[in-house]
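Notes follow the structure.
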Amino acid sequence: MTLTVASSKHVQHFVLKGDLVVVQDVREALMQGRNSDGKMVRRPLSPHLQVYRPQISSALSIFHRFTGIALSAGALLLALWLAAAATSPGAFAIAQAVLDSIFGKLVLFGFTLALFYHFSNGIRHLLWDAGYGFELPVMHRTGYAVLAATIGLSVIFWGLFLVIG
Amino acid sequence: MSEKTTLRPEIMRSALGRARGYGSAKSGLHHWWAQRLTAMALLPLSLYFVASVLLLAGANQEAMIAYMREPWNAVLFIALILALFYHLQLGLQVVIEDYIHAEGRRIALLLAIRAITVLFGLLAIVSVLKLAL
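As you go down the protein sequences, you meet chains V and D in turn. With numbering that gives the first Met the number 0 as the guide, the letters of the first sequence map in order to residues 0 to 164. With numbering that gives the first Met the number 0 as the guide, the letters of the second sequence map in order to residues 0 to 132.
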């Protein structure tokens with residue numbers, strides 16, 4: 000009898016040989032259990048997203064990854080913007096016109112939010128790496144401070160943008 | 000016979016870690032440090048970049064050339080590009096390693112990310128140099 004798991008159907012996690020459970024990978028040793036019917040099942044991994052109460056700590060952590068991925072796309076755009084400038088006056092004029100359109104401004108607005116968020120939460124991460132701010136109330140306070148800083152820095156940026164532009 | 004206390008470094012490892020016997024996780028420490036160092040470099044560099052974007056909003060190519068002809072602007076832009084593309088490659092690598100479990104697809108994606116980072120990073124640097132020189 001072979002047990003497979005629906006979520007990763009290509010992997011045989013453990014095999015039953017009579018009463019003996021043969022684990023394919025030693026990491027699976029702690030993952031086997033029986034459900035209330037006595038059937039062998041693979042234990043679910045925590046966190047269970049269906050029952051996990053959203054919290055500021057988990058939400059901010061996910062945002063950090065999400066904004067990091069978005070900013071990676073932004074870095075590619077930065078390279079294309081510089082390449083357009085290095086190509087010809089016409090190519091750069093087109094690039095600037097695209098960025099100046101409503102769509103371009105919306106995209107740039109998203110990038111400023113992502114950048115200021117990743118920047119602020121990045122400082123929070125570096126402070127954790129240095130050993131500061133692990134107490135739960137402090138963590139919550141710094142979390143809200145990151146959100147406030149994101150909004151504040153974005154407001155300052157677009158305020159200056161309107162003044163200069 | 001006196002009982003002598005000796006340091007047993009292996010005691011720091013979990014039973015599972017000892018059983019698996021893989022040793023340290025390859026170049027994990029270097030990855031960790033490089034991600035933090037580039038993060039620290041990017042704190043001032045990204046603020047400089049944001050200020051540059053404000054200054055160059057709506058600029059034409061002539062203004063771009065004039066800006067990049069200032070040696071410090073070219074240097075800071077190239078430093079930004081190096082730190083930024085290195086940092087994003089390290090970050091995307093972790094995301095892929097966390098979520099893509101099929102080995103073939105994972106390795107293919109990791110290689111693709113490296114190729115794209117190197118090519119676009121070089122494109123950005125060469126463009127800055129061309130504007131500056």
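All C-beta atoms, glycine included, are put in the ideal place defined by N, C-alpha and C. Computed from a predicted model, the values in this text were never measured in an experiment.
- Between the segment 37-57 of chain D and the segment 96-111 of chain D there are fewer than three inter-stretch CB-CB distances shorter than 8 Å, so the stretches are not counted as touching.
- I64/D and I124/D do not touch by the CB rule: their CB atoms are close to 16 Å apart, not below 8 Å.
- Rounded to the nearest whole angstrom, the C-alpha separation of L121/D and L83/D is 12 Å.
- Rounded to the nearest angstrom, the gap between the Cα atoms of S57/V and L118/D is 34 Å.
- Looking at the DSSP output, Q54/V shares a beta bridge with no other residue.
- For N72/D, not one C-beta of chain V is nearer than 8 Å to its own C-beta.
- Fully enclosed alpha helix (DSSP H) runs of no fewer than 4 residues occupy 101-128 of the segment 100-159 of chain V, in order along the chain.
- Per DSSP, the continuous beta strand (DSSP E) segment holding M39/V begins and ends at M39 to R41.
- Restricting attention to F65/V, G37/V, W157/V and A28/V, the CA atom closest to the CA of H117/V is found in F65/V.
- When W157/V, V154/V and T149/V are compared, the shortest CA-CA separation from F62/V is found for T149/V.
- Looking at the DSSP output, R33/V shares a beta bridge with M39/V.
- Within chain D, the C-beta atoms nearer than 7 Å to that of R64/V come from V94, in chain order.
- When the alpha-carbon of H30/D is set against those of Y85/D, L108/D, A131/D and L110/D, the nearest one is in Y85/D.
- For G16/D, none of the residues of chain V pass the 7 Å Cβ criterion, the least Cβ distance being about 11 Å.
- Straight-line spacing of the CA atoms in F110/V and K104/V works out to 10 Å.
- Take the alpha-carbon of V40/V and the one of L128/D: they are about 60 Å apart.
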